[in-house]
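Structure, rendered in structure tokens:
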């Protein structure tokens with residue numbers, strides 16, 4: 001992503017209500033920063049901030065963090081967040097969002113074990129060359145970091161337009177013995193999913209007819225328990241439904257069309 005500097009930019013240092021420039025100092029204190037005990041969700045590599053700003057507005061009872069390394073992206077993200085909250089919430093404050101200048105490499109230096117509930121990886125750099133595999137944010141070394149900072153309800157939500165990265169990630173999650181759910185090979189095949197918040201890239205790529213790949217990895221013990229319970233319940237419903245369907249087929253009169261089949 002090419003970024004151009006602009007004149008008359010608002011100083012990041014002056015935006016302490018929305019921007020965190022030294023996240024390591026807040027390790028173990030993020031709930032104090034937000035002033036509540038609501039769950040904390042983070043987007044690693046937030047880009048221009050469309051996704052995380054919209055999520056904060058849609059879910060006011062969840063605390064959000066958008067992390068990126070580049071100052072200009074933090075500036076763009078702060079403008080988007082403030083504009084969105086002003087236009088839709090009539091608020092000059094963004095109470096449940098902070099934009100963080102940071103590198104994923106140092107994630108464990110910023111967060112205590114179990115301090116986060118969800119991690120979003122949206123359209124991360126695919127690093128297509130094999131020699132760069134260790135830089136991919138779904139490489140097993142990063143997954144180990146994520147597992148450490150996520151709590152008992154922890155999950156990773158991953159989206160990409162890169163088939164090669166998605167295939168790599170499926171194997172990486174599996175090798176790390178992580179359970180996966182809601183796997184999609186073409187997320188918007190039947191039209192844009194209105195129940196999901198889109199990123200800038202996602203809007204662009206979907207408009208071009210490109211498939212979007214998505215999965216959710218279940219990390220925390222409580223999240224795993226709930227996932228297994230839902231799977232068992234679905235299987236039980238399927239078993240109960242099957243005999244009824246068989247009986248209905250036996251009782252159904254044979255029509256001319258069905259007899260030809």
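Numbering (the UniProt record's numbering), first residue to last: 1 to 261.
For each residue, glycine too, the CB sits at the ideal point set by N, CA and C.
Backbone secondary structure at residue i - three-state DSSP
i, result
"residue 257", "Confidence in residue 257 is poor, its pLDDT being 37 and thus under 50, which makes the residue's placement unreliable; the coordinate value appears in the next sentence. Three-state DSSP puts residue 257 in a helix."
"residue 98", "strand"
"residue 269", "Because the chain spans 1 through 261 in this model, residue 269 falls outside it and cannot be assessed."
"residue 10", "coil"
"residue 205", "helix"
"residue 71", "helix"
"residue 58", "helix"
"residue 199", "coil"
"residue 86", "helix"
"residue 110", "helix"
"residue 235", "helix"
"residue 91", "coil"
"residue 124", "coil"
C-beta atoms of residue i and residue j nearer than 8 Å
i, j, result
"residue 158", "residue 217", "yes"
"residue 44", "residue 97", "no"
"residue 49", "residue 80", "yes"
"residue 62", "residue 31", "no"
"residue 21", "residue 54", "no"
"residue 104", "residue 143", "no"
"residue 108", "residue 148", "yes"
"residue 115", "residue 39", "no"
"residue 206", "residue 192", "yes"
"residue 51", "residue 197", "yes"
"residue 156", "residue 121", "yes"
"residue 201", "residue 123", "yes"
Paired residues, beta bridge with residue i - DSSP
i, result
"residue 264", "Coverage of the chain is limited to positions 1 through 261, which leaves residue 264 absent and any answer about it impossible."
"residue 19", "99"
Any non-hydrogen atom of the ligand ADP closer than 7 Å to residue i Cβ
i, result
"residue 76", "In the structure shown, the ligand ADP is absent, as is every other ligand, since no ligand is present at all."
Rounded Cβ spacing between residue i and residue j (contact assumed at less than 8 Å)
i, j, result
"residue 102", "residue 46", "Residue 102 to residue 46, Cβ: 11 Å. No contact."
"residue 178", "residue 119", "Not confirmed; about 12 Å, so no contact."
"residue 185", "residue 213", "6 Å"
"residue 204", "residue 110", "Contact flag wrong, Cβ pair sits at about 30 Å."
"residue 82", "residue 94", "6 Å"
"residue 153", "residue 223", "5 Å"
Only counting runs of 3 or more residues, tell me where the beta strand (DSSP E) segments fall wholly within the stretch 128-197, in order along the chain. 150-160 and 179-184
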